[in-house]
Structures are given as C-alpha cells and as structure tokens.
Amino acid sequence: MLPLEIEHVTKRYGHEVVVDDLSFPVAPGRVTGFLGPNGAGKSTTMKILLDLASADAGHATIAGTRYRDLTDPARTVGVVLEPNAFHPGRSGRNHLQVLADGSGIPRTRIEELLETVQLSHAADRHVGGYSLGMRQRLGIAAALLGDPPVLVLDEPGNGLDPQGIRWLRDLLRARAAAGGTVFVSSHLLAEVEHLADEVVVISKGRLVATGALATLQKAGTSVRTPQGRRLTELLQAAGATVHNGPEGELVVRGLRTTDIGDRACAAGIVLHELTPRAGSLEELFLDWTSNDNSHPPTEVAETERQAVPL
Amino acid sequence: MTWLRLVRAEIRKLTTTKLPLGFLAVLVLIAGIDAAVVMFGTDMDGSKAFIATAADQQSLMAFAFNAMLGTGLFGAIAVAREYGHNTVVPTYLTCPRRMRAGLAQLTAVLLGGALLGLIGQGFIIAGVALALPSTEYGFLVTAGGVTQILAATTFAGAIGAVLGAGLGAVIRNLGGAVTAVVLALFMIPPLVVQLFSDAASWIPPTLGAVISGVSTDVNTWAALTALLTWGVLPAAAGLLLVQRRDVV
Chain A
0 MLPLEIEHVT
10 KRYGHEVVVD
20 DLSFPVAPGR
30 VTGFLGPNGA
40 GKSTTMKILL
50 DLASADAGHA
60 TIAGTRYRDL
70 TDPARTVGVV
80 LEPNAFHPGR
90 SGRNHLQVLA
100 DGSGIPRTRI
110 EELLETVQLS
120 HAADRHVGGY
130 SLGMRQRLGI
140 AAALLGDPPV
150 LVLDEPGNGL
160 DPQGIRWLRD
170 LLRARAAAGG
180 TVFVSSHLLA
190 EVEHLADEVV
200 VISKGRLVAT
210 GALATLQKAG
220 TSVRTPQGRR
230 LTELLQAAGA
240 TVHNGPEGEL
250 VVRGLRTTDI
260 GDRACAAGIV
270 LHELTPRAGS
280 LEELFLDWTS
290 NDNSHPPTEV
300 AETERQAVPL
Chain B
0 MTWLRLVRAE
10 IRKLTTTKLP
20 LGFLAVLVLI
30 AGIDAAVVMF
40 GTDMDGSKAF
50 IATAADQQSL
60 MAFAFNAMLG
70 TGLFGAIAVA
80 REYGHNTVVP
90 TYLTCPRRMR
100 AGLAQLTAVL
110 LGGALLGLIG
120 QGFIIAGVAL
130 ALPSTEYGFL
140 VTAGGVTQIL
150 AATTFAGAIG
160 AVLGAGLGAV
170 IRNLGGAVTA
180 VVLALFMIPP
190 LVVQLFSDAA
200 SWIPPTLGAV
210 ISGVSTDVNT
220 WAALTALLTW
230 GVLPAAAGLL
240 LVQRRDVV
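Which chain is which? The protein sequence lines are A and B, in order. Throughout the first sequence, residue numbering follows numbering that gives the first Met the number 0, covering 0 to 309 in sequence. Throughout the second sequence, residue numbering follows numbering that gives the first Met the number 0, covering 0 to 247 in sequence.
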C-alpha cells in the first residue's frame with residue numbers, strides 16, 4: 000500500500016506560477032482522477048512527483064520517499080507521461096527491451112506484456128509506423144513492465160479505441176482493487192466518471208476540489224425562489240458557485256443545503272424548493288474551474304470519503 | 000551491477016536504430032575515397048610521391064582527427080535525440096539518479112565512438128592496402144605503425160563521442176548539438192590559431208596527428224592528455240547540467 004503525497008508544491012517558470020502551494024494525498028486501493036483545464040499544472044505536478052522537474056517549494060513523495068530515492072523505481076511506479084516518448088526508428092519490442100535492460104526485468108515479461116496490450120503482431124515494427132492508440136498501448140506496457148503497485152498516468156486513454164478504453168478501465172480498476180495506487184489525469188470526463196473513485200481538480204495551479212467523486216457529485220443543491228438574483232448574490236458572497244439549472248432552478252455548490260436555507264431565511268428570502276442534487280462530472284468540472292479561484296477548495300470530509308464503496 | 004544494467008540499456012539504445020549503420024556506411028565511403036586517391040591520385044608533378052614512404056602512407060591513413068569529428072557527431076546525435084524524442088523521460092524514470100544514468104550514457108557512447116573509430120581506421124587501412132598493388136608501391140607501414148594508428152583512432156573516436164555527447168546534453172537540441180560539434184572541432188580551432196599561434200599544437204587535428212605518429216609537435220602523452228581534456232570538459236558540463244535542470 001503506497002500512498003502518494005503532494006505537499007505544498009509550488010513551481011514557477013520565470014515569473015509564471017504553474018503550480019501554486021498544491022497539497023493533496025492519493026490513496027492506495029482507489030483510482031484517483033486528476034483533472035484540470037489545459038495549463039492547469041497537472042503534467043507539471045506529475046513531473047515533480049516523478050523527479051523529472053524540481054519544485055520551487057514543497058515536495059512530493061511515494062510512500063514517504065522521493066522518487067529519486069526509490070530503490071527500484073521501475074518495480075514501484077509505472078508511468079505514462081509523454082505520449083510520444085519513443086524513438087520512431089526503434090521497434091516496440093526493442094523499446095521495452097531497453098527499459099527492461101535498465102531495470103533488470105526478464106525478457107519473458109516483455110512477451111507477456113506485448114500480449115496483454117495486444118501488440119504482439121506489431122512488436123517488431125518501428126514505432127514510427129504505429130497509430131496513436133498503438134503507441135499508447137506501448138506506453139502502458141512500459142508502465143506495467145515492473146508490475147508496479149503505483150501507476151501514474153497522464154492521459155492514458157488518448158488515442159485508444161472504445162475497446163481499448165474499456166480494457167484500460169478494467170485494468171486500472173483491477174489494479175486499485177488489488178491495493179494499488181492509481182493516479183490518472185484525463186480530459187475525458189465521462190471516462191473519469193466511470194473510472195475514478197476520487198478526484199483531485201486543479202485550476203491555475205491551485206486545488207479547487209478533492210474527494211470521493213460520488214460524494215462530490217451529490218454536493219450540490221437545487222433551489223427555487225422568486226428572488227433568484229438576491230439569493231445568487233448572497234450565496235456567491237458566501238463562497239458558493241451558483242448557476243441556472245435546466246428547469247429554471249438555481250444550482251448551488253460549495254455550501255451545505257442547511258447553510259443555504261439558514262442564509263436565505265436570515266435574509267428574508269422566500270424559498271419554494273431546497274433539494275440536494277447530484278450533478279454530472281462535466282457540470283461539476285465546469286463549476287470548479289470556471290470561477291475566479293478565490294474560493295477555498297471543495298473538499299469532502301474523510302468520513303464521507305470512506306463511505307463511498309469501491 | 001545496476002550501473003552495468005544501465006550501460007547495457009544504453010548500448011541497446013545505440014544498436015537498435017539505424018544510427019550506427021549510417022556511420023558505418025560513411026566510413027565505408029571514406030575508405031573507398033582513400034582507396035581511390037591511392038589508385039588514381041597524383042602529386043602536382045604527376046608522381047605518386049605521397050605514398051612513396053612508410054611515413055607518407057601512415058600519414059595518408061591516419062584518421063584520428065576525422066574519427067573524432069565523426070564520432071563527435073555520433074555522440075551529439077545519440078544524446079540530443081533523446082531529448083528530441085523524449086526518450087530521456089523513460090531513461091530518468093528507470094534511473095532517477097541522473098549522474099548515474101548520465102555516466103552510463105557517456106560510457107555507452109564512448110564505447111560506440113571507440114568502436115566506430117577502430118572500424119573506420121580498419122576500413123581505411125584495408126582500402127589503402129587493397130589499392131596499393133595497383134601502384135608501383137607496396138604496403139610499407141610496419142605492424143607497429145598500423146597498431147599505432149589503430150590505437151590512436153580508437154582513442155580519438157572515443158574522445159570525440161564523449162565530447163559530442165557532452166555537447167548534446169548541454170544543448171539538448173539535435174541541430175544545435177551537431178552545429179556545436181562542428182564549431183568546436185572544425186571551425187573554432189583554426190580561428191583560435193589565427194589569434195594565438197601557440198595554440199596550434201593543442202587543437203584536435205594536431206593532437207590527432209601526434210598520437211597517430213605522424214607529427215611531433217608535442218609529446219605523445221601530453222597530446223593524449225590534451226585530447227582527453229577536449230572530451231572531458233564538455234562531458235562534465237553536460238553531466239552537471241543534467242543534474243541541475245528539469246528533464247522536461
């Protein structure tokens with residue numbers, strides 16, 4: 000059981016702050032989705048975790064150990080990071096053989112993995128002739144080479160066909176169910192919705208939401224009121240995000256249902272409906288990442304997180 | 000043990016693309032050109048005095064500086080392409096201790112450069128030896144002379160490859176690294192000699208000639224040390240920067 004820990008990580012490129020005092024844990028035994036708009040700092044955070052980039056402040060560890068201090072990295076962490084980290088003139092088999100040589104992994108494991116990712120038929124072809132999906136499968140095979148308990152995957156579903164995405168989902172869920180730590184970034188929100196137990200959402204390098212996905216999805220409230228504008232201003236001032244739902248209701252996130260009722264009552268605002276509401280990940284994502292980032296992150300309490308079944 | 004595994008992985012990287020084959024093809028071409036020069040070339044007076052003595056033939060075959068330039072390109076391409084193709088990412092994921100990974104890469108490139116130098120010199124000796132019967136001269140270079148130019152070119156090939164690898168690690172761009180090798184070995188030394196004539200004894204062409212036994216500008220050991228310095232300095236700079244910079 001190897002948890003990941005990102006602690007107060009800050010990274011600047013020149014004057015630009017790409018990761019800003021970011022802290023969150025990634026628990027073993029669960030699939031954690033890492034979400035954020037383009038340029039939010041997801042890849043940079045992963046690179047810092049993997050010691051490919053240095054943090055200006057804070058640190059990231061794997062079971063309390065920095066990546067560079069792991070005794071056997073390939074058998075501890077499997078990584079898919081750069082989508083085209085292959086020499087186009089080298090065969091898929093040789094790419095894996097290079098990695099296996101460096102890690103002392105037996106040749107039989109290569110054949111096994113080529114079979115697993117369904118690339119045996121193309122193993123001796125140059126990677127330059129592979130489709131994006133085939134390259135992605137090769138990258139996943141490389142990540143699995145050392146049969147590591149931790150997987151750190153940046154957009155692993157890119158280019159995969161529906162069967163491939165299904166296969167990947169089953170693989171990652173099986174790994175997590177076996178006690179592995181699976182940390183996966185993706186732009187495919189629908190896929191993350193199917194895959195992740197937990198999500199970490201960042202925007203402009205800062206944490207905007209974290210917790211069990213099922214609980215976060217329920218962390219919204221539908222409100223009907225004849226004084227919509229007043230209530231919206233009141234709740235936004237209290238740190239909530241508010242937008243109009245499909246049937247004219249207000250959809251409020253970032254405040255408990257009881258807090259909304261109390262604040263409306265104190266302000267003398269009439270409410271016709273006050274109902275907990277579930278939202279799609281896409282809806283939540285847009286809520287979390289489209290505000291000005293000045294609000295504290297949405298976080299689900301540990302007790303609620305534990306209550307969500309695998 | 001771990002380090003030897005890394006060297007093995009780096010050697011596999013070098014041998015599983017067409018890069019060494021391309022360099023071997025160039026070496027065959029150069030050997031063919033040398034053979035053609037022996038068969039068809041003449042001095043200004045129409046004679047073949049340029050192959051008349053053992054010293055002339057040894058001088059014609061001495062390939063150390065050219066090997067250094069060629070393997071400099073080999074080393075630069077081998078390392079800089081890692082950044083171009085992002086294969087440096089799996090390299091440092093496999094071995095996050097960058098000094099260890101960098102040294103393994105330098106070792107593999109050094110061995111590759113030495114081998115290319117040795118093979119290149121071998122091709123040239125063979126080409127000249129095969130071409131000489133078509134002239135009035137036989138193969139006059141002694142076994143000792145042949146051994147010396149083989150050893151010198153092997154050494155220069157290794158040093159050139161390390162120099163190129165160092166520049167590749169510093170520049171991290173294929174075109175830039177190749178240009179830097181050409182500038183460092185081919186363009187800048189003559190310009191420096193124009194400014195400081197004493198420097199002529201310490202530039203790679205002279206040093207290559209000294210260790211090949213076809214020049215006595217400086218002591219052989221001094222030449223070997225100077226050539227080593229030409230390779231070690233950029234390699235050290237590359238290793239230092241690899242430690243300090245983000246990989247991607």
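A virtual CB, placed ideally from N, CA and C, is assigned to each residue, including glycine.
Cβ-Cβ separation between B:A103 and B:V6: approximately 5 angstroms, consistent with a contact (criterion under 8 angstroms). Counting along the chain, the unbroken alpha helix (DSSP H) around A:D286 starts and ends at 280-289. Annotated as distal: A:G91 and A:G132, with beta-carbon spacing of 8 angstroms or more. Sequence-distant Cβ neighbours of A:E281 in its own chain, meaning closer than 6 angstroms and more than five residues away, are L188. Between A:K10 and B:R244, the alpha-carbon positions lie close to 13 angstroms from each other. By the CB criterion at 8 angstroms, B:A164 and B:A235 fall outside the cutoff.
For A:D100, a Cβ of chain B is located within less than 8 angstroms of the residue's own Cβ. The Cβ-Cβ distance between B:T146 and B:A63 does not fall below 8 angstroms.
Among the residues facing chain B, A:K41 is not included, as its CB has no counterpart in that chain under 8 angstroms away.
Straight-line measurement puts the Cα of B:G230 at about 28 angstroms from the Cα of A:G88. Cβ neighbours of B:V247 within its own chain (closer than 8 angstroms, five residues either side excluded): N85, V87, V88. A:G278 and A:G227 do not touch by the CB rule: their CB atoms are close to 19 angstroms apart, not below 8 angstroms.
Legend: CB atoms of the stretch 118-145 of chain A lying less than 7 angstroms from CB atoms of chain B belong to residues A141. Listed along chain B are T16, K17, each with a C-beta nearer than 7 angstroms to that of A:G88. The shortest C-alpha to C-alpha distance from B:L3 to any of A:V207, A:L48, A:A99, A:D153 is the one to A:A99.
Looking from the CA of A:A56, the closest CA among A:G63, A:T64, A:I47, A:P245 belongs to A:I47.
Looking at B:W201, B:L227, B:F185, the one whose alpha-carbon comes closest to that of B:V217 is B:W201.
Annotation: B:R80 to A:G128 spans about 18 angstroms, alpha carbon to alpha carbon. Distances from the alpha-carbon of B:L232 to those of B:I148, B:A160, B:K17 put B:A160 closest. Pairing B:G40 with B:T70 gives a Cβ-Cβ distance that is not under 8 angstroms.
Residue range 197-202 is occupied by the beta strand (DSSP E) that includes A:S202.
As a beta-bridge residue in DSSP terms, A:N243 pairs with A:L249. In the assembly as shown, B:T52 is an exposed residue. Its beta-carbon has fewer than 16 other beta-carbons within 10 Å.
One alpha carbon belongs to B:G167, the other to B:T90, and they sit about 15 angstroms apart. Considering only B:R96, B:V36, B:L26, B:V169, the residue with the shortest C-alpha distance to B:S133 is B:V36. In terms of Cα proximity to A:G267, the closest of A:G244, A:L254, A:H242, A:L230 is A:L230. Annotated three-state conformation of A:Y12 is strand, per DSSP. Against chain A, the CB of B:D42 has no partner CB under 8 angstroms away; the residue lies outside that interface. For A:L152, the enclosing beta strand (DSSP E) begins and ends at 149-153. Against B:R171, chain A offers no close residue; the least beta-carbon distance is about 14 angstroms (beta-carbon pairs closer than 7 angstroms).
Chain B has a Cβ within less than 8 angstroms of the Cβ of A:E81. When the five nearest sequence neighbours on each side are left out, the beta carbons in the same chain lying within less than 8 angstroms of the beta carbon of B:L13 are those of P19, A77, A107, V108, G111, in order along the chain. Counting only residues of its own chain and dropping the five nearest sequence neighbours on each side, B:L239 has no CB closer than 8 angstroms to any other CB. Taking the beta carbon of A:S53 as reference, the chain B residues within 8 angstroms of it are D245, listed in sequence order.
Shown here for B:L139: same chain residues with a beta carbon closer than 6 angstroms to its own, the five before and five after excluded, namely A53, Q56 in chain order. The three-state secondary structure of A:S53, taken from DSSP, is coil.
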